[in-house]
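Here is the structure we will look at.
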Amino acid sequence: MKNDDQNYLMEILAKVHDRTGFDFTQYKDATLIRRIKTRLRRLNIATYKDYIGILDSDDGEYYELINTITINVTEFFRNVDSFKAIEELVVPALIESKRKRRHHLFRIWSCACSDGDEAYSMAILLKEQLQKQGGGYTIRVTGSDIDEEALGRARKGSYEKTRLKAVNRELLDQYFEEVEEGVFRIKGCIRDIVKFRQHDIIKDRAIRHNDIILCRNLLIYFNKQLQEETLLKLYECLNPGGFLILGMCETLVGSALERFEGVNNRLRIYRRPSSIDPADRSDEGSATLSQQDVDKLVGEILD
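In terms of my numbering, the sequence shown is residues 35 to 337.
Put into structure tokens, the structure is as follows:
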């Protein structure tokens, strides 16, 4: 990156932080430059200097930029293999643990939940699986994001049919109602167990005591140091024996490698050990992507 570009980038990020409180300084430069250039193209602006002038004259542009930086492709049960593994590996292990301890509450956190597809998907999956156990369990799902507009859409719970490609007809009939042609809304039985809140994983108080945390395709925006800090924070937010699910292009880094045990590393499913020195660490899919490989894959996805 040229020095002038770096200077303008830092000036833009400083303005965003001063005006909105959002701190993107630890996001990857390449990602930030790519997203800012997207705004320049949409506004038909040629230079960063001209864009700074837009920011100075239009407060609304700050939030357009934030939305552009944090935009995420999402749909229900995105990455079917991951949800299948959650159903077959994660949930049964949690049920067994809850039975032994006579606990009845399941707490799930969908971090960087965007429009809520993932949070609702987890609520549906848990409700289906726990009903097979005869009920008697309580489910609490928290969806968090820094984007209040996305959270508003999540609370509304209405989705176009194209977002429901992985939802089979039985689940569609049971948990959705068609409110207009091609638009379906989550029924109250699911909306009642999913709560959404604005939350910045970098600076806000942690959401603790979770059995499952899904943090998929957020770390890809962070540099390696912030990835490690975030992973350690998520570790502390899990109950002992709780599970962390990352995005397919993400991996454990730094000291987080020593904290979690692999459940299915290929699908980026990890567990906080129930004890300090777990007796059995899974080697399944033990190959770990290098940071260089992750950056390459992310660039292909985001471009």
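Heads up, the beta-carbon is just placed ideally off N, CA and C, and yes, glycines get one too.
Owing to the predicted nature of the structure, the values given are computational and were not obtained by experimental measurement.
Going by C-alpha positions, S131 is about 21 Å away from I241. Around the beta carbon of G186, a 10 Å sphere encloses fewer than 16 other beta carbons of the protein chains shown; the residue is thus reported as exposed.
With fewer than 16 neighbouring CB atoms inside 10 Å of its own CB, M44 falls in the exposed class. Counting C-beta pairs closer than 8 Å gives fewer than three between the segment 117 to 135 and the segment 83 to 101, which falls short of the contact rule. By the neighbour-count criterion, in which a residue is buried when 16 or more other Cβ atoms sit within 10 angstroms of its Cβ, C223 is exposed.
Secondary structure of V124 (DSSP, three-state): helix. A buried status is given to K161, since no fewer than 16 other beta-carbon atoms sit within 10 Å of its beta-carbon. DSSP places E214 in the strand class (E or B) of the three-state scheme. CA-CA distance, R112 to Y154, rounds to 12 Å. With 16 or more neighbouring CB atoms inside 10 Å of its own CB, N298 falls in the buried class.
Here the segment 140 to 153 makes contact with the segment 245 to 254; the two share three or more CB pairs at distances below 8 Å. Excluding residues up to 5 positions away in sequence, V124, I246, R305 lie with their Cβ nearer than 6 Å to the Cβ of F277 in the same chain. R231 sits in a strand when the DSSP states are folded into three classes.
At the C-beta level, V228 and R219 stay beyond 8 Å of one another. Remark: C-beta atoms of F230 and K62 do not approach each other more closely than 8 Å.
For Y193, the enclosing beta strand (DSSP E) covers residues 192 to 194. Burial of D151 is indicated by the presence of at least 16 other C-beta atoms within 10 angstroms of its C-beta. Note: V175 is bridge-paired with I142, V228 in the DSSP secondary-structure output. Within the segment 253 to 298, the alpha helix (DSSP H) runs of at least 4 residues that lie entirely inside it are, in chain order, 258 to 271, 290 to 293. Excluding the 5 residues flanking it on each side, L272 has same chain C-beta neighbours closer than 7 Å at N244, I247, L278, R306, in chain order.
For D245, the enclosing beta strand (DSSP E) starts and ends at 244 to 249.
Annotated as proximal: F110 and L198, with beta-carbon spacing under 8 Å. Nearest Cα to L159 within the set I180, E122, A188: E122.
When the Cα atoms are used, N202 and S91 turn out to be separated by approximately 48 Å. A Cβ-Cβ contact shorter than 8 Å links G281 with R302.
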